[in-house]
Amino acid sequence: MNNNTTNNPKEKRDNENRVRESGSANKTVANDTVSTGKAGGTIAGSAGKTGGINELLGKIGLGPLSLLAFVLLGLAPLFIDDRFIIHLMISGMIFGTLAMGFDFTVGYINIVNFGYAAIMGVGAYSSALTVSRLGMSPWLGMAIGGVMAAIMGFLIGVVTLRLRGLFAAVMAWFVGLTLLAMTANLVDLTRGWLGLRVRPLFATPDRIPYFYTIFVITVVSYIILYRLTQGKMGMAFKAIGQNQEAAHSVGVNSTKYKIINFTISCALAGVVGGFYGHFVGILTPDVMHTRETVEVLALAYIGGRGSIWGGLLAAFIIIPIFEYLRPLMAMRFVIYGLLLMLVMILYPGGLSQFFAFIKAQIFNRSSKVEERA
Amino acid sequence: MILKTENVVKRFGGLVAVDHVSLGVNEGDIFGIIGPNGAGKTTLINVITGFYQLDGGSVEFKGKDITGFKPSRLCHMGMVRTFQIVNPFPDMTVLENVKVGSLFGNEDSKEDPEEKAERMLDFIGFELPRKTLAAHLNSNQLKYLELARALATDCDVLIMDELAAGLTPGELPDLCNLIRKIRDTGVTVIIIEHVMKLIMEVCERIAVLHYGEKIAEGSKDDVANDARVIEAYLGEEYAV
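What follows is the structure, encoded as structure tokens:
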């Protein structure tokens, strides 16, 4: 009986070979076109040497442009002496990193995690409480925040397993609301709406150490998320997000990949939440409110779903605008709402699609020039 | 027998969509399942491939009871299906669509997933633009795409749900040849179909469903001459 159930690998290999033979004639043709396409690519990319560097960067998940952007961002405090601008950049990175983590779920497995801010709050409160109650270092606190949030993400993954799209989103939202209510009502632990004082991460009031902390978190998150979405796991996420039934039918274990996705994206929110608490110095249940999720969602959508970096860029554009135009702050969510509607109706690809469009234009022009030469 | 169902029952509320169906498919066969609209063919497939939970009976695959197994697990065991209403990954290219099949269908495969995807697209012999998004394909192209994606999982049993629907009669001979070619690589093929010409052309054994019940099973001549089958298809007055 058992012998029958296990596939005979040798037999399978034979089958493969047979199919391969019958397809081989056509295949050489296909190979040719592929190789010529590659040759064209290297010519366009000027020289072989830059190709090598690009490859190396590609391995760690950075393109030349993203590397340049991160280097410029990293050097910014050397040139900018304005405390306010540094503060803005920290806010941008906090929200941008959250938007990246959010996009990891919505842009790939296509589930809107409406409880995302609550998960971030779990990380923030866990970190703050381990530091104040157990006297641990804030660095360890942030790690614990990440772990707690990851556990919550795992649980959300489990409860939304059998649900898809909107239903999963609503379920995640309920989990978020429950967490918010618990935080507000467990007054003995969290001090509820009175607010919880959080020990700062650094003894100095200087903003620069905070800047570099969140900078490292942002860059590392970007690299991790980007790399995960490029590989086999990314294929599974996309397949589940685009058509769960089809994904199932060709062997994608959606249970496993959904849970992995939620766990990673929530762990990130937890770490950022931990940082947020130690940076701001006070936590109220407000940070877990759905409207905070909506803010992150808006950034992710405006940045372009499925791009990872789009949300980060959007945060750097939109958050300073609000900070500089204070009167707009009160109307923030009205503006977010309008922007979201505009993006979703007129340009669903967001900033990342716009960027791809520009890139295609430039590339086309350069290849035309080459042809003439 | 590579695939066997035993008294399979599936109900939707008061409606019995599949009513105690037992059938067996021999390894290496091209097996047809036919029946009028609403006979329960697709429901039966959904039950066999784990998309529906069954309400009674059991399914056996390669001698193992697979009742209640998930579709992804069955795929790893070597059973894969295509859908009557095409189910592509719309925002992936043709090649990526097939690559999902080769990446996840047989994770022990030594072959490079992309190469295997290319090979399968060549194998089906239907020209598909590799770099085009699936969202931009027409329904015929999508059907072939699904077939390539299913084959990329290294299946032992391939279940095709109404692949020929929507094809022109001129395209049928090619499809018949393709089905035979698939079988010749050692894959057992199960076809659910309305297009009788295709069924009669390629199938070695046929089962007929009517109102959820199996009313006949056997070689194509047996089935074509079966009084109950003629009755089901043409109406009582034509039955001899």
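Top line first, the protein sequences correspond to chains A and B. Numbering of the first sequence is given in our numbering, commencing with residue 180 and proceeding in unit increments. Numbering of the second sequence is given in our numbering, commencing with residue 596 and proceeding in unit increments. Ideal Cβ positions, reconstructed from N, Cα and C, are used throughout, including at glycine.
Using the C-alpha atoms, what's the distance from S444/A back to A209/A?
-> Any answer about A209/A is weak, because its pLDDT of 38 lies below 50 and its placement is not dependable; what the coordinates show is given next. Answer to the nearest angstrom: the Cα atoms are 39 Å apart.
Have a look at L669/B and S311/A and give me their C-alpha separation to the nearest angstrom.
-> Between L669/B and S311/A, the C-alpha separation is close to 51 Å.
Any heavy atom of the ligand ADP closer than 6 Å to the CB of T339/A?
-> Judged by which ligands are present, the structure shown has none, so any question about the ligand ADP falls away.
For N621/B, which residues in chain A fall below 7 Å Cβ to Cβ?
-> Identification of chain A residues near N621/B by a Cβ-Cβ cut-off of 7 Å yields none; the smallest Cβ-Cβ distance measures about 14 Å.
Which partner residues does I660/B have in the DSSP bridge list?
-> The question names Ile, but residue 660/B in the sequence shown is Asp. The secondary-structure analysis by DSSP pairs D660/B across a beta bridge with E655/B.
Endpoints, alpha helix (DSSP H) assigned at L746/B = Per DSSP, the unbroken alpha helix (DSSP H) holding L746/B starts and ends at 734 to 746.
Using a Cβ-Cβ cut-off of 7 Å (strictly less than) and excluding sequence neighbours within five positions of R511/A, which residues of its own chain qualify?
-> In the same chain as R511/A, and ignoring 5 residues on each side of it, the C-beta atoms closer than 7 Å to its own belong to F501, in chain order.
Determine the chain B residues that contact N432/A at a beta-carbon separation under 9 Å, and present them in chain order.
-> Simply K665, S667, R668, H671, F699.
Drop a sphere of 10 angstroms on the beta-carbon of A322/A, count the other beta-carbons inside from all chains shown, and report buried for 16 or more, exposed for fewer.
-> It is buried - the Cβ of A322/A has at least 16 other Cβ atoms within 10 Å.
Does the region 379 to 386 of chain A come within contact of the region 645 to 653 of chain B, defined as at least 3 CB pairs closer than 8 Å?
-> No: the two stretches stay apart, fewer than three of their Cβ pairs being nearer than 8 Å.
Exposure of Q540/A, with buried meaning 16 or more beta-carbon neighbours within 10 Å = Exposed, by the Cβ-count rule.
Taking a Cβ distance cut-off of 9 Å, strictly less, list which residues of the region 741 to 760 of chain B are near chain A, in chain order.
-> Taking 9 Å as the Cβ-Cβ cut-off against chain A, the residues of the region 741 to 760 of chain B that qualify are E741, R744, A745, L746, A747, T748, D749, D751.
Residue range of the alpha helix (DSSP H) that H731/B falls in?
-> No alpha helix (DSSP H) holds H731/B; DSSP gives it neither H nor E.
Determine, using beta carbons only, whether F607/B comes closer than 7 Å to chain A.
-> It does not: the Cβ of F607/B has no partner Cβ on chain A nearer than 7 Å.
On a CA-only basis, which of K657/B, G635/B, S653/B, T637/B is nearest C750/B? Give me that one, please.
-> When each option's Cα is compared against that of C750/B, the closest is K657/B.
Are the region 392 to 405 of chain A and the region 260 to 279 of chain A touching, with three or more C-beta to C-beta distances below 8 Å?
-> As far as the Cβ criterion goes, the region 392 to 405 of chain A touches the region 260 to 279 of chain A, which means the pair count is three or higher.
Smallest Cα separation from I239/A: which of G482/A, W488/A, Y405/A?
-> Considering only alpha carbons, the answer is Y405/A.
Bridge-paired residues (DSSP) for F626/B | DSSP lists I785/B, R800/B as partners of F626/B.
Where does K665/B fall in DSSP's three states?
-> Judged by DSSP in its simplified three-state form, K665/B adopts coil rather than helix or strand.
So, is the C-beta of D686/B closer than 7 Å to a C-beta in chain A?
-> The beta carbon of D686/B falls within 7 Å of a beta carbon belonging to chain A, placing the residue at that interface.
Under the three-state DSSP convention, the category E837/B falls into = Given a span of 596 to 835 for chain B in the structure shown, any question on residue 837/B remains unanswerable.
Within 10 angstroms of its Cβ, does Y295/A collect 16 or more other Cβ (buried), or is it exposed?
-> Buried is the call here.
Neighbouring residues, chain D, relative to V695/B (Cβ below 9 Å) = No chain D appears in this structure, whose protein chains are A and B.
If you draw a straight line from the alpha carbon of M672/B to that of A426/A, how long is it in whole angstroms?
-> So the two alpha carbons sit approximately 15 Å from each other.
Hey, out of Y806/B, D650/B, V797/B, whose CA is closest to N816/B's CA?
-> Sequence check: residue 816/B is Asp here, not Asn. Answer by Cα proximity: V797/B.
Can you tell me where the alpha helix (DSSP H) with V790/B in it begins and where it stops?
-> First-last for V790/B: undefined, no H or E at that position.
With a CB to CB cut of under 6 Å and the five nearest residues on each side skipped, what residues in its chain are close to G332/A?
-> Beyond the five residues adjoining it in sequence on each side, G332/A comes within less than 6 Å, by CB distance, of F441, T442, C445 in the same chain, given in chain order.
Check whether the Cβ atoms of F721/B and Y739/B lie closer than 7 Å to each other.
-> Contact check for F721/B against Y739/B passes: the beta carbons are separated by less than 7 Å.
Sequence-distant residues of the same chain with beta carbon closer than 6 Å to D821/B, five excluded per side | Leaving aside the five residues that flank D821/B on each side, the residues in its chain whose CB is nearer than 6 Å to its CB run, in chain order, A811.
With DSSP collapsed to three states, give me the class of I643/B.
-> Three-state DSSP puts I643/B in a helix.
Could you pull out every residue in the same chain whose Cβ sits closer than 6 Å to the Cβ of H685/B, ignoring the five residues on either side in sequence?
-> A small correction: the amino acid at residue 685/B is Pro; His does not occupy that position in the sequence shown. Here the set comprises A729, A730.
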